[in-house]
Structures are given as C-alpha cells and as structure tokens.
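Asker: Line by line, the protein sequences are chains A and B. All residue numbers for the first sequence refer to our numbering, where the first residue is 142 and numbers rise by one. All residue numbers for the second sequence refer to our numbering, where the first residue is 397 and numbers rise by one. I'd like to ask some things about the structure below.
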Amino acid sequence: MKISYNWLKEFIDIPVDARTLGQRVTHVGLALESCVEFGDDWVLDLDVTTNRPDCLSHLGIAREVGAIYGTVLRRPQFKVTEVSQRAADVASITIDDADLCGRYCGRYIARVKIGPSPEWLSKRLESLGVRSINNVADITNYVMMELGHPMHAFDADKLGGRQIIVRRAEVDERLTTLDGVERRLDPSILVIADAKKPVALAGIMGGGETEIVPSTTNVLLESAWFNPLSIRKTARTLGMTTEASYRFERGTDIEMASFACDRAAAMIQELAGGQLLKGTIDIFPRKPERARITLRRERIERVLGVPVDDAIVSRIFERLELQPAQTAQGWTVEVPAFRVDLAGEQDLIEEIARHHGLDKFPSTMPPSRGFGSLLPGERRVRQVRDTLSAAGYNEICTYSFSNEQMERRFYADIEPVRLRNPMTEEATILRTSLIPGMLTTLQWNLNRGARNLQMYELSKVYWDGGERRTLILGACGNLRPASVHEPPREFDFFALKGDVEDLLQRFDIPVRLTTDNIPNYYHPGRFARVGHLAMFGELHPSYAEPFKFRQRVYLAEIDIELLLRSSTSHQLEQIPRYPGVRRDFSLLFERGTQYATVHRTIGEAGIPEVVRVEPFDRMESGPFPDTKYSLSISVVYQSAERTLTDVEVEGFDKKIIQRLEERLGAQLRK
Amino acid sequence: MSSEWIGQLRSIEQQFDRERESVADLRSLEEFKNRYLSRKSGLLTLQLQNVRQVPAAERAEFGRVANEIKAKAESVLEALQQKFAHAQADAALERERLDVTLPGIQRRIGHRHPLTQARQAIEDIFISMGYTVEDGPEVEKTYYNFEALNIPASHPARDAKDTFYIADDVVLRTHTSPVQVRTMEKMQPPVKIICPGRVYRRDAADATHTPMFHQFECLLVDEGITFSDLKGTLERFHKQFFGEKTETRLRPSHFQFTEPSAEVDVSCPFCNRRGCRVCKQSGWIEVMGSGVVNPRLYGFVNYDANRYTGFAFGGGIERYHALKYNVNDIQLYYQNDIRFLEQF
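So this is what it looks like as structure tokens:
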C-alpha cells in the first residue's frame with residue numbers, strides 16, 4: 142500500500158520524518174518496502190498483511206501511527222449541502238441477495254460538470270500510482286485511498302429505470318466491463334444491474350455503458366459492502382484483480398459505507414459542482430452486532446513470557462479504538478467494524494505484543510524436556526552418504542517433477558502421480574524413478590565440458606498411492622584421469638561393481654549376484670543384480686542415444702529402505718595368530734567358464750584352511766588353444782590352531798587342482 | 397738426540413699428513429690406507445717390523461713414537477672413512493630427489509549436496525537443543541496442508557494458482573507444516589520437533605524462486621512455552637548456524653497458524669549490519685516466519701488450549717544456505733553443475 146506522507150499528516154501529527162516513520166511502522170507489522178521522494182512529499186510503500194484491510198488506507202495507517210506516537214486521529218472534515226429534492230424519489234436501490242451484499246448506500250448528484258481534476262488531486266493520485274481520469278472517477282479513487290472504502294460512480298442517465306438491483310447474474314448474461322472485455326456471467330457472480338441488465342461486476346469493476354464520461358450530467362454514487370468470499374471467488378473465476386476487489390475480498394468496514402458516500406458526494410459538489418439530492422439511499426438489511434472479546438490478564442504473561450502493565454494494555458486498546466473496559470480478570474473490548482481480523486483472545490495478545498514492541502520481551506530458552514533424535518535410519522543414511530563421498534560420488538538434487546514419456550521409458554508399469562495443474566508440459570507427473578534426473582544431470586555436465594563424473598541421488602520417487610526414498614549412482618569417463626604419475630583408469634563395470642560391493646559390505650550384506658530379470662535399459666551383457674536390493678550395469682546404447690552420450694554410462698539402482706532394513710550388527714572375528722601361506726596357480730579353462738564357477742568349485746574342495754581365493758591375471762590368448770583362456774589364481778591357506786606344514790599345503794594344492802580338473806576340465810599350466 | 401730411526405718415522409708421518417689432503421673419496425682412501433698400513437707393504441707396518449734392528453737404547457722411544465703415529469693415522473683414516481661414507485649416502489639420496497612441486501595423487505572425494513549439508517547442520521543444531529526430527533508425505537491431504545492449519549477452503553493460499561493439485565483433496569504440500577499436525581495427532585505434549593523436507597509452490601523459476609524447494613519447520617508445544625522462548629531459540633539457532641556474532645530481530649506479521657506472528661530477520665552476515673548490497677543497505681535480512689501457535693490449531697488435535705502453549709517457525713533451506721555462502725541464484729541447487737557442487 143502506497144502512502145503519501147503529507148496526506149497522512151492531515152489525519153495525524155507525526156513527530157518524525159517519512160523515513161523514520163517507515164522504519165517505526167515496520168515494527169508494528171507494516172513492513173516498509175520503500176520510501177521515495179515525490180515533489181515536496183514522500184511516498185512510503187508499506188507491506189500490509191492480508192488480515193489487515195483496515196490498513197489499506199491513509200486513515201487506517203494514521204490510526205496505527207497515532208497508537209505509536211500517542212497523537213490524536215483527525216477524521217476528514219467536510220460539509221454536505223443537499224437540495225430539497227429527495228434522492229429516493231429519483232432512483233431506487235434493491236438488494237436481492239443480502240448474503241452477498243450486506244449494505245448498499247447510494248447518493249444522487251445532479252447536473253455535475255465532468256472535467257479534469259484539479260492539479261492537487263491528480264498529483265496526489267499519481268503519487269500513489271493511480272492514473273487520473275476525470276474529476277468524478279478520481280474522487281471515488283481518492284476516497285478509497287483515504288478511507289479504504291471502494292466506491293463506484295454510475296452515469297445515472299444510463300441506468301435503465303434509474304434502478305439499482307444487486308443480484309446474482311443469470312446464466313449466460315453478458316457484461317462488457319470498463320476494460321473493454323466482454324464477460325460471460327453465471328449465477329455464482331454478483332452483479333449490479335439496472336432494470337434490464339447487469340451494469341457492473343459487484344465490487345470488482347464497473348461496466349462500460351454506465352461509465353462516467355465527459356457528457357455525464359447525473360451521477361449515482363455507490364458505496365457498498367460485499368461478501369469477501371463471493372468477491373474473491375468471482376475475481377479468481379474471471380482472473381481479475383482491482384483495487385476494489387483487493388479490498389472487498391479482504392473485508393471492508395460495513396459501518397464506513399455511508400460516511401464514505403457522504404465524503405465522496407461532498408467532494409464532487411466541491412470539485413464538479415452539481416446538486417446533491419437529499420438523503421442517502423441506505424439499504425442495510427442486517428446491521429451486524431459488534432463482537433466483544435474478553436482478555437484474561439494472566440494469558441498475557443503465559444503467551445508472551447512477561448506481564449505487561451495494565452496501563453500500557455489499556456492505552457494500546459484505547460488508541461486502536463477498541464473501547465476497552467477493565468475488569469478484575471482483565472479486559473473486555475468491543476471490536477470496531479473495521480477490524481475484521483480480531484476474533485479471539487489471542488488476537489488481542491497480538492495487538493499488545495505489536496504495539497508494546499516485540500523487542501520489549503526478553504529472550505529465554507524453553508525449559509528442557511526430553512531428548513533430541515534423528516529420524517529412524519538417518520544415522521545409517523549418513524553412513525551411506527559418507528561411503529559414497531569416499532568413493533568419489535557427488536550428490537545431486539533434482540526436481541520431483543518429470544516428463545511422463547521419459548519416465549515410461551524406464552518404469553513403464555508404474556501408475557504415476559499426475560498433477561492437475563502442471564506448470565509446463567514437460568513436468569506433468571512426479572518421477573517414478575531417479576534415472577531420468579540422473580541422466581539429465583550427467584548430460585548437463587558433459588555438455589559443459591566435464592568428462593569424468595560420478596554422481597548419486599538419494600531421494601524420493603512417487604507412484605499413485607505412495608512415495609519412498611531410493612538411491613541411484615551414475616558414472617562415466619575415467620575413474621582416475623591420466624596424470625604425470627600414471628595412465629588413466631577408466632570407470633568401467635567393475636569400478637561400479639566395487640562401489641556397490643563396498644556399500645553393501647558396509648552394512649554386512651553378503652553380495653550374491655545374479656544376472657536374471659535384466660531391465661531393458663541395461664546392457665544385456667553388462668548387468669548384475671543383488672536380489673531386489675541392487676541392480677547395476679551399463680546403460681543400454683539405445684537408451685543412451687537420446688541423451689547423446691558419447692561415452693559409456695553406468696547406473697546402479699539401490700533400494701535404500703531395504704538396505705537399511707537388512708543391516709545386521711556383527712561381532713569381532715579373532716585376528717589369526719598363525720601365518721597364512723599363499724599359493725599361485727595358472728590354469729587353462731574352457732572359454733565361457735565363469736569365475737564364480739571356478740570360485741565355487743574351489744570351495745567345494747572342502748578345505749577349511751582356505752581363507753581367501755583371488756584371481757590375479759587373465760589371458761584370452763597365448764600358447765594354448767583358442768577354445769581356452771588362462772586364469773591365474775592365488776589361494777591363501779591359514780589355520781587358527783597352528784602353522785601349516787609344507788606337506789599339508791601341498792596336499793591342499795593337489796586337492797584343489799584335482800577338483801578343478803575333474804569338474805571343469807581345467808589344466809594346470811606348467 | 398733423535399736418531400735416524402725416529403727421523404724416518406717422522407718423515408713418514410709428514411708424508412702421511414701431506415698426502416691425506418689429496419684423499420678425495422672412499423676409493424682413494426682405501427689406497428691411501430694400504431700405502432701406510434697394509435699388512436705386507438704398508439710404510440708404517442714395515443717400519444714397525446724394523447723395531448728389532450733399532451738399537452736397544454732407542455727402542456723404547458722408537459716404539460712409543462711409532463705407536464703414536466700409527467694411532468694418529470688410524471684415527472685420521474677413521475674420520476675420513478666416516479666423512480666419505482656420509483658423503484656417498486648423501487649422494488645416493490640426492491640422486492633420488494623428486495620434484496615435490498608436482499601435484500599429489502588425490503583420491504577424488506565426493507561432496508554431499510549443499511542442501512543435504514545445510515539440512516544436516518540444521519538438524520544437528522536442533523537435536524542438540526532436544527528436538528526430534530520428523531517427516532511426512534509430500535503428496536498430502538488438503539486437510540493436513542490447509543484445514544488443520546487454520547486455512548479454510550475460502551483462503552486465497554489454497555488457490556490453484558499457487559498450489560499443485562493432484563485431486564480435489566490432495567495436493568503437493570506447500571509447506572512442511574502438515575507434519576506438525578500429523579505429529580500432534582499422534583501424541584500429547586510435550587511435542588518438540590523439527591521437520592525438514594521438500595515442498596512445492598507454483599512459482600516460475602528465477603533467482604529467488606523454484607517450484608520445488610526445501611523447508612524446515614520447528615514446533616514446540618508444552619506447558620509454559622512463551623514468545624520469549626521463541627526469541628531465545630531463534631537467537632541460539634542463528635548464532636549456531638551463521639556464527640556467534642549474528643543477531644536476530646522479530647517484526648510483527650501475519651500467518652494463519654501462529655498468533656502473535658513475526659517475520660524473523662538476521663543481521664546481514666556480509667556486512668555485519670553496516671549495510672551492503674545484499675541487505676539493501678538495511679543491515680538486516682528476512683529469513684523466516686515464526687510465531688506463537690494459534691490456539692485454534694489445538695482444536696484440530698485435541699490439545700487443551702488453556703494448558704499448553706507453543707511456538708513454531710519455518711524457513712527455506714536454500715535461503716539459509718544461500719545466505720551463508722553468498723549464492724545469488726537458488727536455481728543453482730537444482731542444476732547440479734559439478735563446478736557448483738564441488739565448492740561445498
């Protein structure tokens with residue numbers, strides 16, 4: 142709300158300059174947005190919260206200023222001179238729907254002279270960002286800025302039957318509003334109609350036909366009260382926000398309507414001449430009772446932390462025109478019609494806090510009870526993050542929104558959560574997996590010159606009926622780039638596998654790999670899974686193509702909730718006291734023999750002293766037939782009871798080699 | 397008195413002293429040593445073997461001088477031996493000298509996302525003050541997102557312009573406040589929780605808005621909780637998060653679920669209240685909304701509004717992180733450019 146400092150001073154004495162005032166009112170809840178010089182005046186832009194429509198006017202702001210500085214509010218003074226002819230004899234006003242229109246005041250001014258506003262008026266409006274139109278229209282705007290009450294002026298001669306009927310629109314009625322747009326109406330919309338048709342959207346905008354124009358001579362002034370909900374709904378339906386609707390939908394002062402009407406009429410007389418017909422046509426079906434609120438004194442300390450002197454409380458209430466009556470237990474106040482926000486005891490405590498000053502209350506720490514804790518499982522989630530950091534993965538955070546077509550490429554069977562009102566066609570659902578976000582992020586970075594990427598995201602995915610956290614790893618390029626010290630090491634399937642293994646082993650989960658149920662977005666020959674817990678491998682080239690990846694991309698999908706649940710606690714394994722013996726073998730196997738089979742076969746030899754088996758070299762070709770390949774394996778034997786003898790070790794060797802020869806047709810290379 | 401015999405000894409000694417100057421390394425030292433002390437042909441050795449030819453009267457003196465020279469020669473040779481051995485070892489090390497200014501072989505250590513770092517930091521501060529972390533669904537019923545927070549159906553905050561709707565009564569939560577209601581439904585006071593999480597608003601993305609962002613909200617409801625406790629808690633939190641110099645200021649405002657309500661400002665971390673571009677010369681920066689829990693809320697969760705009071709506040713995790721590290725565009729958090737991520 143823009144406020145003219147000079148105008149404000151007409152209603153209240155202000156002992157400080159404009160800028161200081163702006164800073165001061167900030168501390169009663171009217172945040173200063175800006176304060177700029179305008180000729181010999183200053184314009185303050187104050188942020189008025191939605192609960193305080195009474196502050197959408199100079200008078201309302203002046204009341205708050207008076208409460209701050211203890212100065213006395215001066216209402217605008219004016220004189221109304223009426224002719225003997227009665228307005229009610231010339232025009233008629235009817236309210237058909239008293240729920241939506243609580244009051245309607247009309248005044249009739251005959252033989253006015255429409256023309257430009259005097260300079261002081263147009264300048265004042267201009268300083269608040271309101272365009273000057275003509276004297277009558279400007280006066281309605283002026284009164285709105287002054288008293289907070291929106292007004293409207295009709296060209297009375299264009300009102301059919303000189304009649305005002307406040308009613309709901311009929312189905313498919315049309316009205317062309319002041320902005321030249323033809324509006325299609327329906328019965329949810331309240332209109333001001335004449336005898337035949339709608340002439341204005343109640344509380345929002347007037348119609349073009351009854352607009353005040355230079356040739357207008359007779360004016361019917363409207364000063365009404367409309368139901369806030371109805372105005373808000375219509376404004377939303379039609380996508381219109383005006384200064385009037387802004388105020389009506391927050392709640393205007395129903396008692397102010399007739400005063401505002403008189404004020405505008407008096408100004409019109411003064412600035413546009415004309416004769417003011419006798420009397421206000423004031424249709425006020427049900428005058429609402431003023432609410433009374435009781436405040437218990439002890440609640441002030443209970444809510445705010447320290448008591449506030451009775452005298453201070455009473456003074457704040459008086460200055461805010463709440464008419465306080467002090468009782469033994471506290472106060473009873475009467476809520477003026479302009480304070481639509483005051484409904485309960487807590488609202489009064491807020492008024493005390495605001496005007497006494499939030500800085501007056503000490504800072505204390507609440508009494509300590511209970512103990513703090515992380516979300517269940519969060520400590521382990523932090524371990525997951527630490528493990529991934531140590532393995533070189535950067536964490537990413539992508540939007541939950543996604544593109545349905547893209548999601549369906551990966552998880553076609555999941556029914557997604559659909560947004561009714563998405564912001565763009567590219568983001569109509571919530572993601573069903575973290576894959577598109579990961580691939581898009583890799584692409585973003587590759588397009589900006591990065592080459593070697595390892596990233597992860599640990600976040601939620603969604604489906605119709607639920608949401609859960611999950612984990613994805615994505616990588617491409619080199620694990621270690623070439624340097625002056627060593628050649629590059631490419632990030633490959635086994636680098637990814639090692640990272641997955643590290644993560645699972647951190648939680649004591651045995652890694653039992655299978656290669657079944659390969660999702661079609663993985664390379665069929667470079668994929669493995671650990672049950673439902675983890676799937677990982679190289680992205681299938683046809684799925685990589687839309688992203689224009691020029692290098693191989695690796696993905697691992699890990700069910701983090703399952704990972705956290707399968708975690709077990711383990712106990713110390715004794716450190717061996719006797720040395721182990723390492724033996725190396727080079728063997729030829731048939732092509733196609735998997736290492737897992739070799740490993741398992743060694744296990745089947747049934748030697749408890751075998752504590753470690755590791756492959757350390759593999760040759761695809763050499764001095765052996767093409768149908769074979771060579772694999773070198775080291776085996777470590779160790780006993781918990783004693784040092785093994787040469788004879789025992791040789792016996793183990795023989796047993797293993799024999800087993801491999803018999804079962805897998807292996808040949809020991811000499 | 398000195399005889400010819402002793403004269404010969406002395407002349408060998410002088411020769412020894414002269415020649416030792418030209419011994420340059422371990423190899424020439426070996427030759428030098430042999431020339432004087434070799435068992436078969438060393439000059440001193442031979443002299444000592446002559447002792448029997450020395451006249452008896454001189455023999456004692458001869459023996460003494462010879463032994464003295466030999467001892468001296470041996471000690472000189474030992475010293476030289478040590479000197480050259482050290483020099484040789486030093487030379488061997490010198491040959492191994494590296495250009496230590498070449499870069500080290502660093503393991504690539506990954507970075508947690510800045511928002512994760514900020515969230516963890518915030519969680520840890522509140523846990524140290526006795527709060528429990530809670531979470532809840534992001535796809536939320538309008539009842540929890542609005543009604544139970546004193547935002548009735550008619551309230552403009554429920555507009556489809558600002559809120560993502562899934563169904564008439566289901567939205568993407570617009571704040572983490574529903575978690576507060578869900579928690580209060582589950583238990584009676586004391587309730588002392590912090591709820592961080594993703595929230596959604598239909599804002600077009602720009603430097604200060606994204607349609608999805610992260611919030612954290614704090615709620616404390618118990619007997620005897622006051623506005624002063626809210627002030628003290630906010631001050632403590634900001635000192636922990638931004639640094640001990642940070643000051644906190646409250647300004648009256650309005651929110652549906654708190655009353656009295658206050659906007660929370662912190663002293664500008666960039667200029668320490670002197671005024672700069674970031675704080676638009678005001679010295680203060682608005683960081684969150686706060687207030688005393690509106691007793692109307694207790695009606696929704698069956699709390700005794702006469703017995704319990706509480707406070708709540710909430711802020712954006714992006715905003716807190718951005719303010720601490722001078723990030724001028726919050727869209728950076730969602731672009732995930734590694735040149736950004738790796739700075740934290």
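In this text, a Cβ means the ideal position worked out from N, Cα and C, and glycines have one as well. Owing to the predicted nature of the structure, the values given are computational and were not obtained by experimental measurement.
Write down every uninterrupted run of the beta strand (DSSP E) in the segment 644-692 of chain B whose length is 3 residues or greater and which is fully enclosed by it, in chain order.
Answerer: For the segment 644-692 of chain B, whole beta strand (DSSP E) runs of length 3 or above, ordered along the chain, are 644-651, 654-663, 680-689.
Asker: In chain order, what residues of the segment 505-525 of chain A put their CB closer than 8 Å to some CB of chain B?
Answerer: Within the segment 505-525 of chain A, the qualifying residues are 505, 506, 507, 508, 509, 510, 511, 512, 513, 514, 515, 516, 519, 523.
Asker: Going by the beta-carbon positions, is the gap between residue 120/A and residue 608/A smaller than 8 Å?
Answerer: Lying outside 142 to 811, the shown extent of chain A, residue 120/A is not represented and no answer is given.
Asker: Applying a beta-carbon distance threshold of less than 9 Å, which residues of chain B neighbour residue 540/A?
Answerer: As a working note, residue 540/A is residue 399 in the first sequence. The contacting residues are 606, 607, 608, 730.
Asker: Should residue 195/A go down as buried or exposed, given a rule of 16 or more other Cβ atoms within 10 Å for buried?
Answerer: Position 54 of the first sequence, counting from 1, holds the residue named residue 195/A. It counts as buried.
Asker: Spell out whether any CB of chain B is found under 8 Å from the CB atom of residue 461/A.
Answerer: Counting from one through the first sequence, the residue named residue 461/A turns up at place 320. Residue 461/A does not count as touching chain B.
Asker: Less than 8 Å between C-beta atoms, sequence neighbours within five positions excluded: which residues of the same chain meet that for residue 424/B?
Answerer: Here residue 424/B corresponds to residue number 28 of the second sequence, with the count starting at 1. 418, listed in sequence order.
Asker: Would DSSP call residue 312/A helix, strand or coil?
Answerer: Within the first sequence, numbered from 1, the residue matching residue 312/A stands at position 171. Of the three classes helix, strand and coil, the one that applies to residue 312/A here is coil, per DSSP.
Asker: Could one say the Cβ of residue 760/A lies closer than 8 Å to chain B's Cβ atoms, at least one of them?
Answerer: Indexing the first sequence from 1 puts residue 760/A at position 619. No, residue 760/A lies away from the interface with chain B (no Cβ there is under 8 Å from its Cβ).
Asker: Is there contact here, the segment 531-545 of chain B with the segment 588-598 of chain B, by at least three beta-carbon pairs under 8 Å?
Answerer: Touching, yes.
Asker: Ignore the nearest five residues each way along the sequence and tell me which others in residue 397/B's own chain have a CB closer than 7 Å to its CB.
Answerer: On the second sequence, position 1 is the one that residue 397/B refers to. With a pLDDT of 45 at residue 397/B, under the threshold of 50, the predicted position of this residue should be treated as unreliable, and no value is reported.
Asker: Between residue 170/A and chain B, is there a C-beta pair that is closer than 8 Å?
Answerer: For the purposes of this step, residue 170/A is taken as residue 29 along the first sequence, with counting starting at 1. By this cut-off, residue 170/A is an interface position.
Asker: For residue 578/B and chain A, any beta-carbon pair shorter than 8 Å?
Answerer: The sequence position of residue 578/B within the second sequence is 182, counting from 1. No, its Cβ sits nowhere closer than 8 Å to a Cβ of chain A.
Asker: Below 8 Å between beta carbons: does that hold for residue 634/B and residue 644/B?
Answerer: Here residue 634/B refers to the residue found at position 238 of the second sequence. Here residue 644/B refers to the residue found at position 248 of the second sequence. Yes, Cβ-Cβ distance for residue 634/B and residue 644/B is below 8 Å.
Asker: Should residue 352/A be listed as close to the ligand MN, given that the test is whether its C-beta is under 7 Å from any heavy atom?
Answerer: Annotation note on the ligand MN: not contained in the displayed structure, which lists no ligands.
Asker: Going by C-alpha distance, which of 412/B, 500/B, 528/B is nearest residue 471/B?
Answerer: On the second sequence, residue 471/B is found 75 positions in, with the first residue counted as 1. Among 412/B, 500/B, 528/B, the Cα nearest to that of residue 471/B is on 412/B.
Asker: Reducing DSSP to helix, strand and coil, say where residue 676/A ends up.
Answerer: Sequence index remark: in the first sequence, residue 676/A carries index 535 (1-based). Residue 676/A falls in the strand class under three-state DSSP.
Asker: Can you pull the DSSP bridge partners for residue 416/A?
Answerer: Locating residue 416/A in the first sequence gives position 275, counting from the first residue. Partner(s): 251/A.
Asker: Near residue 357/A, which residues of its chain fall below 6 Å by C-beta distance, leaving aside the five closest residues on each side in sequence?
Answerer: Counting from one through the first sequence, the residue named residue 357/A turns up at place 216. Excluding sequence neighbours, residue 357/A sits near 255, 296.
Asker: State the start and end residues of the unbroken beta strand (DSSP E) segment that holds residue 697/A.
Answerer: Locating residue 697/A in the first sequence gives position 556, where the first residue counts as 1. Unbroken beta strand (DSSP E) run through residue 697/A: 694-699.
Asker: Would a C-beta distance cut-off of 8 Å place residue 283/A and residue 397/A closer than the cut-off?
Answerer: On the first sequence, position 142 is the one that residue 283/A refers to. On the first sequence, position 256 is the one that residue 397/A refers to. Against a cut-off of 8 Å, the Cβ pair of residue 397/A and residue 283/A comes out as no contact.
Asker: Within a Cβ cutoff of 6 Å, which residues of the same chain sit near residue 246/A, ignoring the five residues on either side of it in sequence?
Answerer: For this step, residue 246/A is matched to residue 105 along the first sequence. Here the set comprises 364, 398, 399, 402, 421, 423.
Asker: Please classify residue 452/B as buried or exposed, where buried requires at least 16 other C-beta atoms within 10 Å of its C-beta.
Answerer: Mapped onto the second sequence, residue 452/B falls at position 56. Label assigned to residue 452/B: exposed.
Asker: According to DSSP, is residue 397/B part of a helix, a strand, or is it coil?
Answerer: Counting from one through the second sequence, the residue named residue 397/B turns up at place 1. Reliability fails at residue 397/B, whose pLDDT of 45 lies under 50, so the model's placement of it is uncertain and no value is given.
Asker: Whole angstroms are fine: how far does the CA of residue 775/A sit from the CA of residue 674/A?
Answerer: Here residue 674/A is taken as the residue at index 533 of the first sequence, counted from 1. Here residue 775/A is taken as the residue at index 634 of the first sequence, counted from 1. C-alpha separation (whole angstroms): 30 Å.
Asker: Just the chain A side, please: which residues come within less than 8 Å of residue 583/B by C-beta, in chain order?
Answerer: Taking the second sequence and counting its residues from 1, the one referred to as residue 583/B is at position 187. Those within 8 Å of residue 583/B in chain A number zero; the least Cβ separation is about 11 Å.
Asker: Taking the alpha carbon of residue 659/A as the point to measure from, which residue in 649/A, 671/A, 568/A, 650/A has its own alpha carbon closest?
Answerer: On the first sequence, residue 659/A is found 518 positions in, with the first residue counted as 1. When each option's Cα is compared against that of residue 659/A, the closest is 671/A.
Asker: For chain B, check one thing: does any of its Cβ atoms lie closer than 8 Å to the Cβ of residue 601/A?
Answerer: Numbered from 1 along the first sequence, position 460 holds the residue referred to as residue 601/A. Yes - at least one Cβ of chain B is within 8 Å of the one on residue 601/A.
Asker: Could you tell me the alpha carbon to alpha carbon distance between residue 404/B and residue 484/B, rounded to whole angstroms?
Answerer: In the second sequence, residue 404/B corresponds to position 8, counting from 1. In the second sequence, residue 484/B corresponds to position 88, counting from 1. Their Cα atoms are separated by approximately 36 Å.
Asker: Between residue 506/B and chain A, is the shortest Cβ-Cβ distance under 8 Å, so that the two count as touching?
Answerer: Within the second sequence, numbered from 1, the residue matching residue 506/B stands at position 110. Residue 506/B counts as touching chain A.
Asker: For a test of the three-state rule: what should DSSP assign to residue 811/A, helix, strand or coil?
Answerer: On the first sequence, position 670 is the one that residue 811/A refers to. Residue 811/A falls in the coil class under three-state DSSP.
Asker: So with Cβ pairs under 8 Å, would you call residue 650/B a contact of chain A?
Answerer: Taking the first residue of the second sequence as 1, we reach residue 650/B at position 254. Yes - at least one Cβ of chain A is within 8 Å of the one on residue 650/B.
Asker: List the residues that DSSP assigns as beta-bridge partners of residue 608/B.
Answerer: Within the second sequence, residue 608/B is the residue found at index 212, counting from 1. Answer is 596/B, bridged to residue 608/B.
Asker: Quick one: list the residues of chain D neighbouring residue 502/A, beta-carbon separation under 7 Å, in chain order.
Answerer: Absent here is chain D; the protein component of the structure consists of chains A and B.
Asker: To which residues does DSSP link residue 712/B through a beta bridge?
Answerer: Indexing the second sequence from 1 puts residue 712/B at position 316. Per DSSP, 611/B.
Asker: Residues of the segment 629-646 of chain B in Cβ contact with chain A at a cutoff of 9 Å, in chain order, please.
Answerer: Cβ contacts with chain A come from 629, 630, 631, 632, 644, 645, 646.
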